[in-house]
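Chain order of the listed sequences is P and H.
Heads up, the first sequence is in this note's numbering, so the first residue is 1 and it goes up one at a time.
Heads up, the second sequence is in this note's numbering, so the first residue is 1001 and it goes up one at a time.
Even for Gly, the Cβ is constructed at its ideal location relative to N, Cα and C.
In this text the structure is predicted, and so the values were computed from the model without any measurement.
Reviewing the structure listed below.
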Amino acid sequence: GENVEQHPSTLSVQEGDSAVIKCTYSDSASNYFPWYKQELGKRPQLIIDIRSNVGEKKDQRIAVTLNKTAKHFSLHITETQPEDSAVYFCAAISGGSYIPTFGRGTSLIVHP
Amino acid sequence: NAGVTQTPKFQVLKTGQSMTLQCAQDMNHNSMYWYRQDPGMGLRLIYYSASEGTTDKGEVPNGYNVSRLNKREFSLRLESAAPSQTSVYFCASTKGPYNEQFFGPGTRLTVL
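See below:
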């Protein structure tokens, strides 16, 4: 089955800095890669996703890049703000499968 | 439009007791999922239902059963609770496997 590894497990930055979270996956048939943000005590919510036919996608301060050859994808947050502090999860879904495999999460802390 | 709802929000059980977690969605989604979330372990899939009338095991199904009662409702049953089942449980639904998953607010379960 699919295996998703996510790094780092904790990331501490100063407000205004950029943050990068990386994920690798094992199944070359995976073709959908969402990112979820979970604030403390809340439910996970989708912030951005990318499909295998696209190399990069941006939405204001967040962007996701995908390298299918290397089987890795990354979340980039620019101009971080304290409200970006949360746990971020990457996931991969293989073609024909209904099962998303999640990374273990990255706790992002943005210091004012 | 309530999205995905779960009951109860909190529950404390004694070892060996049984209970059912309820989940409902009003978005006319085809697929529904049950996850457990433990510190440092991310979201692990317990069971899922790709469409009404079907259910399948996920990564950690032991000790659980599910029922897809109709298109809206997907319940998770613990027949004989164990301390290892202490966790936060999330229900989620999606239109299809390559679409955003919408999560419920979660159920915090403690088994003593």
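With fewer than 16 other CB atoms across the displayed protein chains lying within 10 angstroms of its CB, residue 1007 of chain H is exposed. Beta-bridge annotation (DSSP): residue 1036 of chain H is paired with H/1044 and H/1089.
Around residue 1090 of chain H, the beta-carbon contacts reaching into chain P at under 8 Å are 43 and 44. Residue 104 of chain P sits buried, since 16 or more C-beta atoms from the chains shown fall within 10 Å of its C-beta. Ranked by how close their Cα comes to the Cα of residue 1037 of chain H, the residues H/1054, H/1090, H/1081 and H/1100 have H/1090 in first place. Within the same chain, Cβ atoms closer than 6 Å to the Cβ of residue 1077 of chain H are found at 1020 and 1065, the five residues on either side in sequence being excluded. Across the structure, residue 1052 of chain H and residue 1068 of chain H are spaced so that their CA atoms are roughly 6 Å apart. Using a Cβ-Cβ distance cut-off of 8 Å, the segment 1047-1061 of chain H and the segment 1025-1039 of chain H are in contact, since at least three pairs of beta carbons, one from each stretch, lie closer than that value. In this structure, the CA atom of residue 1013 of chain H is about 30 Å from the CA atom of residue 86 of chain P. Rounded to the nearest whole angstrom, the C-alpha separation of residue 1011 of chain H and residue 1110 of chain H is 6 Å. Excluding sequence positions up to five before and after residue 56 of chain P, its CB lies within less than 6 Å of the CB of 65, all in the same chain and listed in chain order.
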